[in-house]
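One structure is given here, and the rest of the page talks about it.
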Amino acid sequence: MKKLSLIFAVVFIFGVGNVVNAQVDNNDTNEASHQVTLNIPKVALVDIEGSNGEANSITLTPSLTKMEAGAAVDFSGATNSDLALNYTSIVEDGETRDITVGISNNLPTGLSLEITAGGIFSGAVGNPGTGRTIELAASEESKSIVTGIGSVYTGIGNKKGHPLTYNLKVNDSKYSTLEAASSTVTVTYTITGDAANVPTQE
């Protein structure tokens, strides 16, 4: 009997403990709630798009059509409008971004590169920036070509974002320094401000 009584007592105490615990933990009602944290990262991405995707290179050459002795070489034909500037941006309240542009090395004496970021193509969502025309000749220069960018995405492609026009310009006062040669510079666009790291797409 003692053994049976002991087992019974343990079972009884254990059962009472479960009943007590159930009463203490049961705070459920007809409502339940929890917190959700919303984390929107700062984003700053820029790209140059051509008709076949991301742009590689363009060539600017003055026109020699109908050239006559004694006439100036026509640099107005040294132009290209095949590319567009695309970007995505998310900023903090009251913040804006710019896009700056610079070149990798000095242009030959007497030449400058004029770049125009035209008005935004249709399809942009948010607050795009304002494009402008800048002129570069030296590598230490870096100028803002789009200003006042808010939270926006322009769309992807050479018919989205800002159309880019490149013009090779000659300074007549330095015409005597022109030399027949081919030179290459890298044009780099940078969107300002800090942002979260975005994984590179393969």
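According to mature numbering (1 follows the signal peptide of the UniProt record, and there is no 0), the residues represented by the sequence shown are -22 to -1, 1 to 180, in order. Glycine included, each C-beta is placed from N, C-alpha and C at the ideal position.
Going by beta carbons, A22 and A173 fall inside the 8 Å limit. Per DSSP, reduced to three states, the secondary structure at G96 is coil, with no helix or strand assignment. Inclusion of G107 and V79 in the CB contact set at 8 Å is not warranted, their separation being larger than that value.
Along the stretch 23 to 53, the beta strand (DSSP E) does not occur as any fully enclosed run of 3 or more residues.
If only complete runs of 3 or more residues are kept, the stretch 90 to 155 shows the beta strand (DSSP E) at 111 to 114, 120 to 127 and 140 to 148, in order along the chain. Annotated three-state conformation of G80 is strand, per DSSP. Excluding five sequence positions before and after V51, the CB atoms of its chain that fall closer than 6 Å to its own CB belong to P40, given in chain order.
Bridge pairing for L61: L142 [DSSP].
Counting along the chain, no beta strand (DSSP E) covers V69, and no H or E run does either.
The C-beta distance from F53 to K147 rounds to 7 Å, short enough to fall under 8 Å. Less than 8 Å separates the beta-carbon of E70 from that of K20. Taking C-beta separations shorter than 6 Å and ignoring five residues to either side along the sequence, the partners of V103 in its chain run Y131, following chain order. Taking C-beta atoms under 8 Å as the contact rule, L61 and E27 qualify, at a distance of about 7 Å. Residue environment analysis places T7 among the exposed positions, since fewer than 16 neighbouring C-beta atoms fall within 10 angstroms of its C-beta. At a Cβ-Cβ threshold of 8 Å, N83 and V163 count as neighbours.
Per DSSP, the beta bridge partners of T166 are G80.
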